[in-house]
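Undergrad: Supplied in C-alpha cells, the structure appears directly below.
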Amino acid sequence: MSTRRRVVITGIGIISGHGVGREDVWRNACNGMACTAPITDMELGTSPVTIAAQARDFVVDDFVERRLARRADRVTHFALAAAQLATADAGLTISADGRDTGIILGTGTGGNHVRDENYQTMIERGVDRISPFAIPYSMCNHPPAEVAMLLGLRGPTMAMVTACAAGTDAIGTATAIIRRGDADVMLSGGTDAMITPLWIAGFDAMRVLSHHQNDPATAPRPFDSSRDGFVIGEGAAILVLEEREHAVRRGASILCEVAGYGASADAHHITDPDPSGRSQARAMRAAIADAGIPAHEIDYVNAHGGASRPGDPSEIAAIRAALGEEHAARTAVSATKSMHGHCMGATGAIEGAFTALAVANGIIPPTINLTELDPECVGVDHVIGQARTTTLRAAMSSNNGLGGHNAAIVLLPWGGE
Amino acid sequence: MTPRPLNARVVITGIGLVSPLGIGKAEVWEAARQGRSGAGPVTLFDASAHGAQIAFEVTGFDPLTFIDKRAARRMDRSSQLAVAAAGLAIEDAGLVIGADAERIGAVISTGNGGNATYEEAHHTLLTRGPERISPVALPMIICNMAAGHVSMTYGLQGPVSCILTACASSLHAIGEAADMIRRGAADVMLAGGSEAAVTPYAMGALDASRAMSHRNDDPTGASRPFDLNRDGFVLGEAGAVLVLERMDLALARNAPIIAEMSGYGATSDAHHITEPHPEGSEQARAMTRALASGQIDASTVDHVNAHATSTVAGDASEVHGIITALGGDHAASVAVSATKSMHGHCLGATGALEAALTTLAITHQMVPPTINLTDLDPACEGVDHVRTARAHRIRTALCSGFGFGGHNAVIALEAVTA
Chain A
0 MSTRRRVVIT GIGIISGHGV GREDVWRNAC NGMACTAPIT DMELGTSPVT
50 IAAQARDFVV DDFVERRLAR RADRVTHFAL AAAQLATADA GLTISADGRD
100 TGIILGTGTG GNHVRDENYQ TMIERGVDRI SPFAIPYSMC NHPPAEVAML
150 LGLRGPTMAM VTACAAGTDA IGTATAIIRR GDADVMLSGG TDAMITPLWI
200 AGFDAMRVLS HHQNDPATAP RPFDSSRDGF VIGEGAAILV LEEREHAVRR
250 GASILCEVAG YGASADAHHI TDPDPSGRSQ ARAMRAAIAD AGIPAHEIDY
300 VNAHGGASRP GDPSEIAAIR AALGEEHAAR TAVSATKSMH GHCMGATGAI
350 EGAFTALAVA NGIIPPTINL TELDPECVGV DHVIGQARTT TLRAAMSSNN
400 GLGGHNAAIV LLPWGGE
Chain B
0 MTPRPLNARV VITGIGLVSP LGIGKAEVWE AARQGRSGAG PVTLFDASAH
50 GAQIAFEVTG FDPLTFIDKR AARRMDRSSQ LAVAAAGLAI EDAGLVIGAD
100 AERIGAVIST GNGGNATYEE AHHTLLTRGP ERISPVALPM IICNMAAGHV
150 SMTYGLQGPV SCILTACASS LHAIGEAADM IRRGAADVML AGGSEAAVTP
200 YAMGALDASR AMSHRNDDPT GASRPFDLNR DGFVLGEAGA VLVLERMDLA
250 LARNAPIIAE MSGYGATSDA HHITEPHPEG SEQARAMTRA LASGQIDAST
300 VDHVNAHATS TVAGDASEVH GIITALGGDH AASVAVSATK SMHGHCLGAT
350 GALEAALTTL AITHQMVPPT INLTDLDPAC EGVDHVRTAR AHRIRTALCS
400 GFGFGGHNAV IALEAVTA
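Line order of the protein sequences matches chains A and B.
The numbers in numbering that gives the first Met the number 0 rise by one with no breaks, and the one at position 229 of the first sequence is 228.
The numbers in numbering that gives the first Met the number 0 rise by one with no breaks, and the one at position 323 of the second sequence is 322.
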C-alpha cells in the first residue's frame, strides 16, 4: 500500500447550464441556481418535452478555431473548451513530447449533431452527399482525440462509454492508469451534447423525462415525492489528475486526492436499477476500500439522484447499505442534477468536479426542488435548498448508467502530506 | 526486475468468435489456416447506390441459438453478436458463473453501437414523428449496451464497461481488462468487442471518409494489406470475446490455459484525425511499452498480427513502426500477418478477433497468412510477410490496433510453459 503512486486533482475545467469555468459554475451551484428552461433554438415538432438544461453561456469561438468549430460536433466543442480551462486552472504546461500525459473522457453517444445531420442528408439527398467528417467527427472517441491533437497528448487516449456512469468510470480508470505508471498526468472527465430531437424523443418514449413544461425551473426533483423523471442537461467537465510527486514538484495547487474507485454491474434489467441497490452499494464499498478509509469517514455523497421513480430509492438504499444505517443518517447527501440536469456521459465528471470542490472548499452544494421528501428516500442527511459549510473528512461521488453500470469515486482533502 | 507472482499474471482461458470466417474458434482457425476469405457482395441491405458494395458479413448466424426470442428482439445485431461470442467464450473456458459472479466483469467495446437501430429510429422520427419512436430504441443504440447485455445474460456483476477508441477499441478493452484483474478489481474478465455496421448509413459514412476499397467486382480480392494494389479497407462485422483470468485461480480450477496476456501499451499520435503518423513513431512506442509492461525481451517476438487495414498510408506506416520497435535485424525475421485480408475490418471488434487469432497462432505454433498479397509494396518491406499458413515457433506475439483519432493499442501475448 505504501508504495502505491497517489493521484491528486490539480485543475478543473467545467461547462454546464451553470456557466463556463470553475468559478462561475461553482458559485452558481452553491447559490442553488436552477438551469432548466424552455429549449428555444431547436425545432422539436410535436415533441411533448421542450425543456432542458442547456449550456447557454457557452460561446464556441472563445475556445475553438473557426474551421474546426464549424465542422466538429458540440460534444467536441465542450471537450476542447473544458480541456483548455482545466489545464489553465492547473497551471499545467504539457511536456514537449506529451508522452507522459493522456486523456480519457466519458460520453453517452458522441457526436449526435454530426451523425443526425448526415443521416438526414443521406435520406434527403443521397448516400454520396454524406460528409467525409461524418464518421470521424461523430465517433465517441473524437472528443478525447481532438483534445490530444490540440494539446499534443501522446499518452493513453480513449473514450469511456458506460451511459450515465461514464464520467465517473473515466476518472476512476484515469486514476488506475497513473497508479500503474502508464502516465503521470491524465485529463479525465466527460462531455455530452444530447439535447437533440432524436434523443428527446427516444428518452421520452422510455417515459424517463420530466414533463414540467409549465414550470421548468421546478424540475428535476430528486428525492421529492412528486419527482417525474430527469431533465436533459449538457456540458463537460475535465479534471487534471496528476501523480502526487509530479504535482508537488512543479508546485501545483492541489485541490484533493482521488483515493478510491469502485465499479460493479447490476446484471438485473436493461433500464431499471436493481431496487435493492445491492450492486450500487458494492461499487461504493469497493471505492471506500480502495481509498483505505473506514466507511464512517465519508461525510458527503454527491448522489446520482436522477429523479427517477425507481432509481432514487434504490440509490438511497445503496448509500445506507454501504455506509451503515447509523452513519448514513449523518452523511450529507445532495443531488446537483436538480440544478444542472442530467448531463449523461458528462454528468459523472461534473459531479466529480463538484465533489472535489466541496472537499477543497468545505462547502456542499444543495439539492434544489426538494420540497417534500419521499418517505422511500429517507435515512440520509439531505442538503436541501441551500449550500452548507462544513469540513469533510472524505466525500464520494456515485453514478449509475443504463445497462446496469455502477461507479463510485472517493476523494480526500489534501493536507499537504 | 522480479518476475510477477501468479496472482498478478493474467491468462487467456477461453475464446468466443462469431465472425465472417465462421462461428466458434475451431471453425474460424480452420478457415484462417486455409487462407479463406469471408468477403462477398453486401446482402444485409441494398447497397446498389453505395460506392463500396462489398463486405465481410457474418453468415449463418441465428441469434436464437444463443439468446431467447424475447431478449433477442430487444437487442441490436451488435449486441446479439457480443452476447453470442461471450457465450462461446464462457463455454470454451469451462467457466461456471455462480457465487463468484461479483468477481467477474466485462469490457466489451464497439466502434459505433447499434447502427441498424439508430437508422431505423431516426427514419421513424423524420417520417412519422417523435411519438412513434420505440421505447427500446435508445437502449438498443447506445455503445455500452453490448456490455450491458453480456452482463445481464450471464449474470456478471463485477466491473462492466465499454472503452471506445474506434478501430483500436477492443485491444484497449483487453488491455484495461487485464489491468483490472492485476489491480484486484476482478478475478475474471470477459474482454472483446462487437460490431454490426453493414447498414446503409454507417457504410455510406465510412465510405465518405475515403478509406474504403471500391473493388466491388472482386470481393475476395479487395482486402489486400501490404499489396501494391491495395485501395482501402473492406468492412467486416463480428463479435469476439476472450476470457481473461488471474493465473493462480485459473490453475486452481484446472482451466484450459491458452496463452498469457502479458503486456499492454497505449499511446496517441496527436497528429491527424484520420491519417496515421507516417513514421509510426507512437505506434512503435505502443509496441515498446507493451513489451516493457510485460517484462518481455523484444528478441523473443516471433509473430505480429498487424492492424494493416489495406489502406495506402496505414500499412506502410505500420511496417515502419514494427521496424522501429523491434529493430531492423530482428524485424526482418518476425512473421507478420494481416488477417484482415480474410475477415475484413471489423472496427470495434477487430482487435479482439485478431487477438483471438494471435492466441490461436500461439496454441498451434502456426502463423495464419495475409492473403491477396501478390505484389508486395516496397514501402511495406522489412518484415517476414507470411502469405500461406506456416508452422512457426512463437514465444511472444504482438497484436496491434490503431484507430481513427490516432489511438494506438498493442498487446503482448506469450506461450505458457509449464
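Ideal Cβ positions, reconstructed from N, Cα and C, are used throughout, including at glycine.
Under the three-state reduction of DSSP, which class applies to Val379(A): helix, strand or coil?
TA: Stepping through the first sequence from its first residue, residue 379(A) is reached at position 380. Coil, per DSSP.
Undergrad: Hey, does Phe441(B) have any beta-carbon neighbour from chain A nearer than 7 Å?
TA: Outside the shown range of chain B (0 to 417) lies residue 441(B), about which nothing can therefore be said.
Undergrad: I'd like the span of the beta strand (DSSP E) that includes Phe401(B), first residue to last.
TA: As a working mapping, residue 401(B) is identified with position 402 in the second sequence. Thr395 to Gly402 is the span of the beta strand (DSSP E), which, as asked, contains Phe401(B).
Undergrad: Starting from Gly350(B) and walking both ways along the alpha helix (DSSP H), at which residues does that stretch end?
TA: Here the question's residue 350(B) lines up with position 351 in the second sequence. Thr349 to His363 is the span of the alpha helix (DSSP H), which, as asked, contains Gly350(B).
Undergrad: For chain A, is any of its Cβ atoms less than 7 Å away from the one on Pro2(B)?
TA: Along the second sequence, one-based indexing puts residue 2(B) at 3. Not one chain A Cβ lies under 7 Å of Pro2(B).
Undergrad: Between Arg124(A) and Tyr118(A), what straight-line distance do the alpha-carbon atoms span, to the nearest angstrom?
TA: Reading the first sequence from its first residue, position 125 is the one you call residue 124(A). Reading the first sequence from its first residue, position 119 is the one you call residue 118(A). In a straight line, the C-alpha of Arg124(A) is about 10 Å away from that of Tyr118(A).
Undergrad: Straight-line CA distance for Ile93(A) to His171(B)?
TA: Taking the first sequence and counting its residues from 1, one reaches residue 93(A) at position 94. Taking the second sequence and counting its residues from 1, one reaches residue 171(B) at position 172. Each residue's alpha carbon lies about 24 Å from the other.
Undergrad: Between the beta-carbon of Ile103(B) and the beta-carbon of Val187(B), is there less than 7 Å?
TA: As a first step, residue 103(B) must be located in the second sequence, where it is residue number 104. As a first step, residue 187(B) must be located in the second sequence, where it is residue number 188. In contact: Ile103(B) and Val187(B) (Cβ atoms closer than 7 Å).
Undergrad: According to the Cβ coordinates, are Ala158(A) and Leu163(B) closer than 7 Å?
TA: Position 159 of the first sequence, counted from the first residue, corresponds to residue 158(A). Position 164 of the second sequence, counted from the first residue, corresponds to residue 163(B). Taking 7 Å as the Cβ cut-off, Ala158(A) and Leu163(B) qualify as a contacting pair.
Undergrad: CB-CB under 7 Å to Cys376(A), same chain, minus the five flanking residues each way: which ones, in chain order?
TA: What you label residue 376(A) is simply residue 377 of the first sequence in a count that begins at 1. Closer than 7 Å at the Cβ level, and outside the excluded window around Cys376(A), lie Phe222, Asp311, Pro312 and Ile315.
Undergrad: Between Met0(A) and the rest of its own chain, which residues show a CB-CB distance below 7 Å, the 5 nearest in sequence each way excluded?
TA: Counting from one through the first sequence, the residue named residue 0(A) turns up at place 1. Here Met0(A) scores only 45 on pLDDT, less than 50, and its place in the model should not be relied on; the value that follows carries that caveat. Closer than 7 Å at Cβ, skipping near neighbours: Gly291.
Undergrad: Along the beta strand (DSSP E) that carries Leu238(A), what are the first and last residues, could you check?
TA: Start at 1 with the first residue of the first sequence, and residue 238(A) comes out as number 239. Here the beta strand (DSSP E) through Leu238(A) covers Gly234 to Glu242.
Undergrad: Determine the DSSP secondary structure at Ala258(A), reduced to helix, strand or coil.
TA: Residue 258(A) sits at position 259 when you count from the first residue of the first sequence. Here Ala258(A) sits in strand by DSSP.
Undergrad: Looking at chain B, is there any beta carbon in it that lies within less than 7 Å of the beta carbon of Met395(A)?
TA: Taking the first sequence and counting its residues from 1, one reaches residue 395(A) at position 396. It does not: the Cβ of Met395(A) has no partner Cβ on chain B nearer than 7 Å.
Undergrad: Could you give the residue range of the beta strand (DSSP E) that holds Ala190(B)?
TA: Residue mapping note: residue 190(B) aligns to position 191 of the second sequence, counting from 1. Per DSSP, Ala190(B) belongs to the beta strand (DSSP E) from Val187 to Glu194.
Undergrad: Have a look at Leu87(B) and Thr35(A) and give me their C-alpha separation to the nearest angstrom.
TA: If you number the second sequence from 1, residue 87(B) lands on position 88. If you number the first sequence from 1, residue 35(A) lands on position 36. So the two alpha carbons sit approximately 47 Å from each other.
Undergrad: Can you tell me which residues form a DSSP beta bridge with Thr164(B)?
TA: For the purposes of this step, residue 164(B) is identified with residue 165 of the second sequence, where counting begins at 1. Per DSSP, Cys166(B).
Undergrad: Output yes or no for whether 7 Å exceeds the beta carbon distance between Gln156(B) and Ala100(B).
TA: Counting from one through the second sequence, the residue named residue 156(B) turns up at place 157. Counting from one through the second sequence, the residue named residue 100(B) turns up at place 101. In contact: Gln156(B) and Ala100(B) (Cβ atoms closer than 7 Å).
Undergrad: Look up Phe202(A) in the DSSP assignment and say whether it is helix, strand or coil.
TA: On the first sequence, residue 202(A) is found 203 positions in, with the first residue counted as 1. In this structure, Phe202(A) counts as helix in the three-state DSSP scheme.
Undergrad: Tell me whether Arg252(B) sits in a helix, a strand or coil according to DSSP, three-state version.
TA: Your numbering for residue 252(B) matches position 253 in the second sequence. Coil at Arg252(B), not helix or strand.
Undergrad: Classify Lys484(B): buried if its beta carbon has 16 or more other beta carbons within 10 angstroms, exposed otherwise.
TA: Look at the range of chain B in this structure, 0 to 417, and you will see that residue 484(B) is not part of it.
Undergrad: Judging by CA-CA distance, which residue of Ala351(B), Ile295(B), Ala81(B) and Gly404(B) is the nearest neighbour of Phe60(B)?
TA: Along the second sequence, read from residue 1 onward, the residue named residue 60(B) stands at position 61. When each option's Cα is compared against that of Phe60(B), the closest is Ala81(B).
Undergrad: So, is Arg32(B) buried or exposed, given that buried needs 16 or more other C-beta atoms within 10 angstroms?
TA: As a first step, residue 32(B) is located in the second sequence; it is residue number 33 there, counting from the start. Buried: at least 16 other Cβ atoms inside 10 Å.
Undergrad: Would you grab the beta carbon distance between Leu410(A) and Ala394(A) for me? Rounded to a whole angstrom, and I think it's under 8 Å.
TA: On the first sequence, residue 410(A) is found 411 positions in, with the first residue counted as 1. On the first sequence, residue 394(A) is found 395 positions in, with the first residue counted as 1. Their Cβ separation, rounded to whole angstroms, is 5 Å, which keeps Leu410(A) and Ala394(A) in contact under 8 Å.
Undergrad: Which residues in the same chain have their Cβ closer than 7 Å to the Cβ of Ser261(B), if we skip the five residues on either side of it in sequence?
TA: Walking along the second sequence from the start, residue 261(B) turns up at place 262. Counting only Cβ-Cβ distances below 7 Å, and skipping sequence neighbours, we find Gly293, Ile295, Ala411, Leu412 and Glu413.
Undergrad: Comparing C-alpha positions only, which one of Ile177(A), Asp127(A) and Arg69(A) sits nearest to Ile103(A)?
TA: The residue given as residue 103(A) occupies position 104 in the first sequence. When each option's Cα is compared against that of Ile103(A), the closest is Ile177(A).
Undergrad: Considering only DSSP beta bridges, list what Thr161(A) is partnered with.
TA: Position 162 of the first sequence holds residue 161(A). Paired residues: Cys163(A).
Undergrad: Please report the residue range of the beta strand (DSSP E) in which Val240(B) lies.
TA: For the purposes of this step, residue 240(B) is taken as the residue at position 241 of the second sequence. Counting along the chain, the beta strand (DSSP E) containing Val240(B) begins and ends at Ala237 to Arg245.
Undergrad: Secondary structure at Leu375(B), three-state DSSP: helix, strand or coil?
TA: Numbered from its first residue, the second sequence carries residue 375(B) at position 376. Note: Leu375(B) maps to strand in three-state DSSP.
Undergrad: Please name the residue in Gly13(B), Asp268(B), Pro40(B) and Pro2(B) whose C-alpha comes closest to that of Gly343(B).
TA: The residue labelled residue 343(B) in the question sits at position 344 within the second sequence. With distances taken between Cα atoms, Gly343(B) lies closest to Pro40(B).
Undergrad: Which stretch, first to last residue, makes up the alpha helix (DSSP H) that contains Asp115(A)?
TA: As a position in the first sequence, residue 115(A) is number 116, starting the count at 1. Segment Asn111 to Arg124, the alpha helix (DSSP H) holding Asp115(A).
Undergrad: What does the alpha-carbon distance come out to for the pair Gly361(A) and Thr389(A)?
TA: By one-based count along the first sequence, residue 361(A) stands at place 362. By one-based count along the first sequence, residue 389(A) stands at place 390. Between Gly361(A) and Thr389(A), the C-alpha separation is close to 5 Å.
Undergrad: Determine, using beta carbons only, whether Gly231(B) and Thr152(B) come nearer to each other than 7 Å.
TA: Position 232 of the second sequence, counting from 1, holds the residue named residue 231(B). Position 153 of the second sequence, counting from 1, holds the residue named residue 152(B). Contact: no.
Undergrad: Distance, Cα to Cα, Gly93(B) vs Gly188(A)?
TA: For the purposes of this step, residue 93(B) is identified with residue 94 of the second sequence, where counting begins at 1. For the purposes of this step, residue 188(A) is identified with residue 189 of the first sequence, where counting begins at 1. Distance between the alpha carbons of Gly93(B) and Gly188(A) is about 38 Å.
Undergrad: Exposed or buried, which one is Gly415(A) when buried takes at least 16 other CB atoms within 10 Å?
TA: As a first step, residue 415(A) is located in the first sequence; it is residue number 416 there, counting from the start. Per the 10 Å Cβ criterion, exposed.
Undergrad: For the beta strand (DSSP E) containing Thr12(B), list its first residue and its last residue.
TA: In the second sequence, residue 12(B) corresponds to position 13, counting from 1. Run containing Thr12(B): Val9 to Ser18, per the beta strand (DSSP E) assignment.
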